[in-house]
Amino acid sequence: MMPNDLKPGERIDELHRNGYRIIQDRNRFCFGMDAVLLSGFTYVNPGEKALDLGTGTGIIPILLEAKTRGEHFTGLEIQEDSADMARRSVALNGLQEKIDIVTGDIKDASAILGASSFDVVTTNPPYMIGQHGLQNADEAKAIARHEILCTLEDVVRESARLLKPQGHFFMVHRPFRLAEIICVMRDHGLEPKRMKFVHPFVDREPNMVLVEGVRGGRSRMTVEKPLIVYRQQGVYTDEIYDIYGY
4 MMPNDLKPGE RIDELHRNGY RIIQDRNRFC FGMDAVLLSG FTYVNPGEKA LDLGTGTGII
64 PILLEAKTRG EHFTGLEIQE DSADMARRSV ALNGLQEKID IVTGDIKDAS AILGASSFDV
124 VTTNPPYMIG QHGLQNADEA KAIARHEILC TLEDVVRESA RLLKPQGHFF MVHRPFRLAE
184 IICVMRDHGL EPKRMKFVHP FVDREPNMVL VEGVRGGRSR MTVEKPLIVY RQQGVYTDEI
244 YDIYGY
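For the sequence shown, the working numbering begins at 4 and goes up steadily by one.
As structure tokens, then:
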């Protein structure tokens, strides 16, 4: 792909992993640190198949392909414009044999992709309920941030259906919904097994939480040491630089 093949408003960003790049549109929803941290928290073992629900422009499947030895990666995205960008990013990196991008609704994911079809499911879902928080007037950004087209329960229910028995579920979300997250996961047979809080600074409360669950897992959860993003204003901690690959 050449720069003049980009659509108006699009740009190509470096991912600092395997020389991979990604197409983004500054007027739509661009990936953030939460997606990168989720890719660092997730593991996909050799021979396993992974699915990312609500993949946007495909950042998580592309990063997981770079960071893990998984066999195949799929991204499901309801917005066709974002799915199109994701497919072009996959092609840009020559990953057509390793990554598929499917256009479809999370609420129908198991019907579209097949029950018990994946070893790993990842998701960076909308964090806000309805009108909670600032509702972005731009539809693409609003859909990414607010539970407009799907709810937390939709995401967890379909993840449980999509996973093989003992399959692993990985999600990044906001701590203020943690009680709900744990309850919904257990309601759908995803036992919370691992959790990590993300703090912007060492003396600030967490603003993200990374959660791993296992379909049909036993009741035992590990809370890992927190991840601190900034050592000082504008300077990442060594762990963040390592996750980004700088």
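Cβ atoms here follow ideal geometry from the backbone N, Cα and C, with glycine treated the same way.
Note that the structure is predicted; figures quoted are calculated from it, not measured.
His191 and Arg160 do touch by the CB rule: their CB atoms are close to 5 Å apart, below 8 Å. Minimum Cα-Cα distance from Phe32 among the listed residues Lys70, Arg180, Gly12 and Leu116 corresponds to Gly12. The alpha-carbon of Thr125 is positioned some 8 Å away from that of Ile63.
Residue Ala53 holds the alpha-carbon nearest to the alpha-carbon of Val123 among Ala53, Gly237, Lys196 and Thr225.
Counting the other CB atoms within 10 Å of its CB gives Thr225 a total below 16, which places it among the exposed residues. Closest in C-alpha terms to Arg234, from the list Thr60, Val187, Val217 and Phe204, comes Phe204.
Note: Tyr233 is bridge-paired with Tyr239 in the DSSP secondary-structure output. For Arg24, the enclosing beta strand (DSSP E) covers residues Arg24 to Asp28. One Cα belongs to Ala118, the other to Ile184, and the distance between them is close to 22 Å. Secondary structure within the region 33-104: the beta strand (DSSP E) runs of 3 or more consecutive residues, fully enclosed, are 52-56 and 75-80 (chain order).
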